[in-house]
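J.: Take this structure first; my questions come after.
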Amino acid sequence: MVLDGNTPALLIPLCFLLIGLTITVALDPYISRKQRIIMFTIIGLSLTLIAQNIIEDALASGELNWFWRTTASVYGYSVRCF
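Note that this note's numbering has the sequence shown beginning at 97, numbered continuously upward.
Here it is as C-alpha cells:
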C-alpha cells in the first residue's frame, strides 16, 4: 500500500469497522469474559497490523533502512502466523 490520496479511503472504513466491533464486544452481555478477552486481542492485533503495514510502506519508499524494514516485516509475519 503506497501512501497516497487513496490510502484514507481504504483505512478509514476498516478503522470504523474495528471501532464498531470494539463497541459491540464491550457492550454485549452475552459474550463471556474469556471470549471478550480473545476478541479484544484480535482487534488489537488487527490494529497493529494496519500500523505495521503503513510503517513498512513508509520505510520502503524512503531511504534504505534495512534494519527497521526487516524488523517491521518480521513483526507482521509473526502476528499473521499467530
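C-beta: ideal position from N, C-alpha, C; glycine also.
Which of the three DSSP states is assigned to tyrosine 171 in this structure?
T.: Correct three-state label for tyrosine 171: helix.
J.: Just how far apart, CA to CA, sit isoleucine 150 and isoleucine 133?
T.: Approximately 26 Å, taken between the alpha carbons.
J.: Helix, strand or coil for threonine 152, going by three-state DSSP, please let me know.
T.: Note that residue 152 is glutamate in the sequence shown here, rather than threonine. Looking at glutamate 152 - three-state DSSP - the assignment turns out to be helix.
J.: Mapping DSSP to helix, strand and coil, what is glycine 158?
T.: In the structure shown, glycine 158 sits in coil (DSSP, three-state: anything other than H, G, I, E or B).
J.: Under 8 Å: do the segment 159-174 and the segment 126-142 share three or more Cβ pairs, one atom per stretch?
T.: Flag = no, the segment 159-174 and the segment 126-142 do not touch.
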